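Undergrad: In the UniProt record's numbering, the protein residues as written are 1 to 359. Don't be surprised by glycine CBs; every beta carbon is placed ideally from N, CA and C. These figures come from a predicted structure and were not determined experimentally.
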């Protein structure tokens with residue numbers, strides 16, 4: 001018991017130091033981690049192109065261009081639909097605001113028109129008073145935008161070289177483990193398969209979520225339903241906060257462009273579908289791909305969210321699955337090969353034709 005406790009303490013210290021280093025180098029660690037996930041998502045296409053006879057560099061370029069084309073197409077769809085429907089949305093929002101103001105004055109609340117005007121003036125004065133703080137926030141946002149752009153460039157470079165030279169990089173990495181290289185190789189391949197299955201399952205769940213909510217928005221007659229569906233799809237990759245922000249935006253657009261009843265219907269469908277995704281779709285699809293029980297998925301997500309917040313919830317499942325699947329390969333000892341100087345077994349002389357049984 002004392003020996004095991006000492007080992008656990010040493011492992012805990014190593015994990016803490018490693019986590020501190022990663023947090024300190026988050027500007028590099030985060031793009032590299034995202035590049036690994038993108039590589040796991042895009043590698044099947046690149047591998048098929050390579051197996052079809054293309055050189056690795058050509059297969060990598062084609063894969064990245066296809067991925068960028070998909071992103072550009074989604075951006076164009078959002079921009080085109082937004083530019084076409086934005087004037088209508090503005091008119092409907094203004095109409096809804098006027099209806100809400102009339103309801104506040106003539107409805108059961110019976111607010112005074114002067115009181116509403118005072119509220120508007122108070123909000124305006126507060127915005128003017130905090131103009132300096134808003135300016136500083138904009139400057140900070142500009143700095144963050146530059147850092148995000150640099151991180152995206154680093155992420156693209158890492159993704160390109162992982163797709164192109166992933167096998168050679170892995171072979172070079174294994175040389176540093178000497179006699180342990182076979183174990184590390186098996187563990188790494190199992191870990192890579194686990195991450196690939198996780199990414200593919202997560203994309204499938206996000207696609208189902210975006211498709212269902214897009215159909216609901218289109219059925220309710222909400223303008224900008226296609227951009228909102230894409231926004232919900234992208235937000236599904238960010239645990240908790242992502243869907244909260246996207247759902248809030250979609251609910252406000254529904255409220256401003258249709259009616260309060262339709263906004264309540266959309267909000268109810270969103271909550272029910274989100275609960276089904278968290279407790280049914282994600283455990284079944286992602287858990288089956290990772291060979292994890294749904295209960296394990298839920299517990300790991302809860303623990304990761306408590307310990308690391310949003311980032312912890314995002315990486316908890318793949319990290320736990322990688323450890324669970326790779327650790328047995330590291331502990332497994334392959335069968336020993338016979339020594340090189342061992343003489344071969346004696347050959348059994350072939351029987352002559354007279355000695356062979358007749359029949």
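Would you report the Cα separation of residue 316 and residue 23, rounded to the nearest angstrom?
TA: Near 16 Å, if we compare the C-alpha coordinates of residue 23 and residue 316.
Undergrad: Do residue 296 and residue 313 count as a contact pair if the criterion is CB distance below 9 Å?
TA: No; because the gap between Cβ atoms is not below 9 Å, this pair is not in contact.
Undergrad: Helix or strand or just coil, what does DSSP make of residue 63?
TA: Residue 63 falls in the helix class under three-state DSSP.
Undergrad: Helix, strand or coil for residue 27 per DSSP?
TA: Correct three-state label for residue 27: helix.
Undergrad: Apart from the five residues on each side of it in sequence, which residues of its chain come closer than 7 Å, Cβ to Cβ, to residue 301?
TA: Excluding residues within five positions, the ones whose Cβ falls inside 7 Å are 313, 316 and 317.
Undergrad: Out of curiosity, what's the CA-to-CA distance linking residue 263 and residue 223?
TA: Their backbone Cα atoms lie some 13 Å apart in a straight line.
Undergrad: Could you tell me which uninterrupted alpha helix (DSSP H) segments, each at least 4 residues in length, are contained entirely in the region 258-287, listed from first to last along the chain?
TA: Here the runs fully enclosed are 260-276.
Undergrad: Can you grab the Cα-Cα spacing for the pair residue 165 / residue 148, in whole Å?
TA: Their backbone Cα atoms lie some 25 Å apart in a straight line.
Undergrad: State yes or no: is the C-beta of residue 234 within less than 9 Å of the C-beta of residue 266?
TA: In this structure, residue 266 does not lie closer than 9 Å to residue 234 by Cβ.
Undergrad: Which of helix, strand or coil does DSSP assign to residue 315?
TA: Note: residue 315 maps to helix in three-state DSSP.
Undergrad: Is residue 2 helix, strand or coil when you go by DSSP?
TA: Residue 2: helix per DSSP, three-state reduction.
Undergrad: Could you check how far apart the C-beta atoms of residue 231 and residue 249 are, in whole angstroms? I think they sit under 8 Å.
TA: Right, their Cβ atoms sit about 7 Å apart.
Undergrad: Going by the CB atoms, is the gap between residue 205 and residue 375 shorter than 9 Å?
TA: Within the shown structure, residues of the chain are numbered from 1 to 359, placing residue 375 beyond reach of any answer.
Undergrad: Pull up the CB-CB distance for residue 56 and residue 50, whole angstroms please, since I reckon it's below 8 Å.
TA: Between residue 50 and residue 56 the Cβ distance is about 6 Å, and since that is below 8 Å, they are a contact.
Undergrad: Using the Cα positions of residue 181 and residue 76, report the straight-line distance between them to the nearest angstrom.
TA: Computed Cα separation, rounded: 47 Å.
Undergrad: Helix, strand or coil: which one does DSSP assign to residue 53?
TA: The answer is coil: DSSP assigns residue 53 none of H, G, I, E or B.
Undergrad: Going by the beta-carbon positions, is the gap between residue 60 and residue 160 smaller than 9 Å?
TA: Yes, Cβ-Cβ distance for residue 60 and residue 160 is below 9 Å.
Undergrad: Label residue 209 either buried or exposed according to how many other C-beta atoms from any shown protein chain fall within 10 Å of its C-beta, with 16 as the threshold for buried.
TA: Its Cβ being crowded by 16 or more others within 10 Å, residue 209 is buried.
Undergrad: Counting C-beta neighbours from all protein chains within 10 Å, is the total for residue 44 16 or more, i.e. buried, or is it exposed?
TA: Burial call: exposed.
Undergrad: Judging by CA-CA distance, which residue of 68, 280 and 48 is the nearest neighbour of residue 156?
TA: Among 68, 280 and 48, the Cα nearest to that of residue 156 is on 68.
Undergrad: If you measure between the beta carbons of residue 190 and residue 174, is that distance less than 9 Å?
TA: It is not a contact, given that the beta carbons lie outside the stated cut-off.
Undergrad: Where do the ends of the alpha helix (DSSP H) carrying residue 188 lie?
TA: Where residue 188 is concerned, the enclosing alpha helix (DSSP H) stretches over 181-219.
Undergrad: In chain order, what residues of the same chain lie with their CB nearer than 7 Å to the CB of residue 281, ignoring the 5 residues before and after it?
TA: Taken in chain order, the residues that qualify are 205 and 208.
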